Amino acid sequence: MSAITAYNQTNPFTPMFGKVPAYMAGRERLIDEMVQAFELPDSNPNLCSIFVGARGTGKTALLTYLGYRAQQEGWIVADTTASRGMLDDILQRIGDAASHLLSADCSRKLTGIGVASIASVSWENNVASGNWRTKMNAIFSQLEETETGVVITVDEIDGDLPEVVELVTTYQHFVREGKKVALLMAGLPYKVSALLSGKSTSFLRRAARHDLGAIPDYEVYEAFRLTIEDAGKAIDNNALGLACEAIGGFPFMFQLVGYRSWNASRQDKTITVDHVQNGIQVARMEFEDRVLSATCSELSKGDMAFLKAMNREGQTPRDEIVKRTGKKSSWVSTYKKRLLEAGVIDEPVAGEFVFALPGAAEYLQEKR
Ligand SMILES: Nc1ncnc2c1ncn2[C@@H]1O[C@H](COP(=O)(O)OP(=O)(O)O)[C@@H](O)[C@H]1O
Ligand SMILES: [Mg+2]
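Using numbering that gives the first Met the number 0, read the sequence shown as starting at 0 and increasing by one per residue.
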C-alpha cells in the first residue's frame with residue numbers, strides 16, 4: 000500500500016485532563032438522569048448534585064458535558080473552578096453565556112430580554128453596590144419572565160475557600176425563594192467530605208451525591224470499540240480484551256491506552272494485540288507519572304502500611320488487614336476511610352477492599 004492511500008486518520012482518543020471524550024463510557028444512565036432534571040426541573044433533587052471521584056475519573060469532562068446538555072435545554076450555564084475570584088467569575092460567565100446564546104440565535108426562551116440588558120446585568124452588577132446574592136437576584140429577576148434557569152458548575156470543590164461557603168449558603172436562599180437554578184459540583188472524595196462536614200454547608204448533605212466509580216468492563220469494551228470504529232479503524236477482539244484489562248474501568252487510563260495503541264498501529268487499518276501491548280506499556284508509564292505519583296505522594300505511613308497488607312490482585316477481606324498489620328480494628332477503620340477518600344481503594348462489598356487505580360499495586364511494590 001502506498002503512503003498516499005494508507006490509513007492516516009486522526010487519533011480519536013483524548014488523554015488530556017478535562018477533555019470531553021468521544022464516548023463517555025459508563026455514564027449514560029447518570030447523564031440521562033441529569034438531563035431529565037434540566038428538562039423537568041421542578042424540585043428535582045439532581046439540580047443540586049455533587050460528583051465525587053479520584054483524579055482521572057472524569058469529573059471535569061462530565062461537568063463540561065452536562066453544562067453543554069443544560070445549554071441545549073435552554074439553561075444559561077456558568078462553568079467555574081473553586082477559587083478566590085469565583086463569585087465574580089460566575090456573574091461574568093452568566094453575562095457571556097447569555098449574550099452568546101442570543102447572538103447564536105438559540106434564544107427561543109430568551110425572547111423577552113435584549114442582548115444588551117442581559118450582557119449589562121453582570122457588568123452593571125460588578126460595579127453596582129450590593130453583595131453577590133443581590134447581584135444574582137438582579138439577574139434572576141430578568142431571566143424570570145422567560146423562565147430561563149441558571150446552572151452553576153463548580154469544579155475542584157474546596158470547602159476551605161470562603162467563596163465556596165458563600166456560594167453554597169446563598170444557593171440555599173435561591174432554592175428557598177423558588178429561583179430556577181442548579182448547582183453542580185465536582186471534587187476529590189476527601190475534599191467533598193471536608194465540605195460536607197462544615198457547619199455552614201451542612202445542607203449539602205442532602206444534595207444528590209454521584210460517585211464516579213469504576214466503569215464496568217462491558218461499557219469500556221463498547222465505548223473503546225466505537226471510539227476506534229467511528230474514527231475509521233477496527234480492533235481485534237483479543238486486542239480489545241487486552242485493552243479493557245489494562246484500563247481497569249478507569250477513564251483516564253481508557254484514553255491513554257487508546258491513544259497509544261492507535262499510534263502504535265500507525266498505517267494499519269486494524270489495531271492488533273501487538274499494537275495494544277505496545278500501547279499499554281507507554282500508557283502505564285504515563286499513568287504513573289500523571290496520576291499514581293501525585294496520588295501516592297499524599298499518603299502517610301499508616302496509609303502505606305494498610306496498602307502493603309492488601310492482596311495485589313482481587314479483594315482483601317478486612318480480617319486479613321487486621322492480621323497482617325497487627326493493628327486494632329479501629330486503626331483499620333481510620334485508614335480505610337482515608338484511603339477511600341484519597342480514591343486509592345474501593346470497597347465494592349462491605350469489608351472487602353480492592354485497589355481503585357489501575358497499576359497501583361505494582362507501582363507501590365516498586366516504590367517500597
Ligand atoms: N466516561 C468516560 N469515558 C472515557 N473517557 C473519559 C470519561 N470521562 C473522562 N474521560 C477522559 O478521562 C480523562 C480524565 O478526565 P477528567 O474529566 O479530566 O478527570 P478528573 O477531572 O476527574 O480528573 C480525560 O482524558 C477524559 O477525556
Ligand atoms: Mg478535573
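Virtual Cβ for every residue (Gly too), placed ideally from N, Cα, C.
All figures in this text were calculated on a predicted structure; none of them were measured in a lab.
Measuring from the CB of residue i, is there a heavy atom of ligand 1 at a distance below 7 Å?
i    : result
P14  : yes
R26  : yes
A222 : yes
M23  : yes
F286 : no
R54  : yes
P20  : yes
P357 : no
P188 : no
T215 : It should be pointed out that residue 215 corresponds to Pro in this sequence rather than to Thr. Result no, Cβ not under 7 Å from ligand 1.
F37  : no
Q254 : yes
F202 : no
P316 : no
F251 : yes
Assuming residue i is part of the alpha helix (DSSP H), what are its boundary residues?
i    : result
S192 : 188-196
E165 : 161-175
D302 : 300-307
E297 : That residue, E297, is in no alpha helix (DSSP H); it is neither H nor E in DSSP.
V290 : Note, V290: premise wrong, no alpha helix (DSSP H); not H, not E.
N262 : 250-263
L363 : 359-366
S328 : 328-341
Given residue i, which residues of its chain have a CB within under 6 Å of its CB, disregarding the five upstream and five downstream residues?
i    : result
H99  : A caution first: H99 carries a pLDDT of 49, below 50, which makes its placement in the model unreliable, though a value can still be read off. Once the five neighbours on either side are set aside, H99 has no close Cβ partner at all.
W131 : L86
R92  : A77
K322 : none
E162 : M85, L86
A238 : I270, T271, V272, V275
A282 : L255, V256, R259
T63  : V19
Excluding sequence positions up to five away, which residues of its chain have a Cβ less than 8 Å from the Cβ of residue i?
i    : result
E351 : Q314, T315, P316, R317
Y170 : C47, I151, V180, L182
K366 : C295
L160 : A81, S82, R83, M85
V164 : G158, G197, S199, T200
Check for me: the beta strand (DSSP E) holding residue i runs from which residue to which?
i    : result
S48  : 47-51
D345 : 344-348
T271 : Looking at the DSSP string, T271 is not in any beta strand (DSSP E), and its letter there is neither H nor E.
D210 : 207-210
T63  : From DSSP, T63 is part of no beta strand (DSSP E) but of the alpha helix (DSSP H) over 58-71.
Using a threshold of 7 Å, is the CB atom of residue i nearer than that to any non-hydrogen atom of ligand 2?
i    : result
T59  : yes
D210 : no
G342 : no
D154 : yes
G17  : yes
How is residue i classed by DSSP in three states: helix, strand or coil?
i    : result
P44  : helix
P316 : strand
T13  : coil
M23  : coil
A242 : helix
L39  : coil
E351 : strand
L90  : helix
T4   : Unreliable positioning characterises T4 in this predicted model, as indicated by a pLDDT of 47, which lies under 50. A coordinate reading is not provided.
V120 : Any reading at V120 must be qualified, since the residue scores a pLDDT of 46, below 50, and its modelled position is unreliable; the value itself is stated next. Reduced to three states, the DSSP call for V120 is helix.
D157 : coil
D235 : coil
K134 : helix
A213 : coil
A77  : strand
A181 : strand
T145 : coil
T200 : coil
Please work out which residues of its chain come closer than 7 Å, Cβ to Cβ, to residue i, disregarding the five sequence neighbours upstream and downstream, and give them in chain order.
i    : result
R208 : I49, V51
T226 : P11, F12, A21, Y22, G257
A206 : C47, S48, I49
Y218 : For clarity, residue 218 is Glu in the given sequence; the question names Tyr instead. Contacts found: A24, G25.
F37  : R68, A69, E72, W74
**Message:** Below 8 Å, how does it come out for the stretch 247-261 and the stretch 341-358: are there three or more Cβ pairs, yes or no?
**Reply:** yes
**Message:** Using a Cβ distance threshold of 8 Å, determine whether the stretch 11-22 contacts the stretch 144-152, with at least three qualifying pairs required.
**Reply:** no
**Asked** Hey, is the stretch 332-339 in contact with the stretch 299-313, meaning 3+ C-beta pairs nearer than 8 Å?
**Response** yes
**Prompt:** If we count Cβ pairs, one from each stretch, closer than 8 Å, do we get three or more for the stretch 258-275 versus the stretch 213-222?
**Reply:** no
**Prompt:** So, do the stretch 152-161 and the stretch 54-63 have three or more beta carbon pairs nearer to each other than 8 Å?
**Reply:** yes
**Asked** Should the stretch 26-35 be called in touch with the stretch 190-202, which here means at least 3 C-beta pairs below 8 Å?
**Response** no
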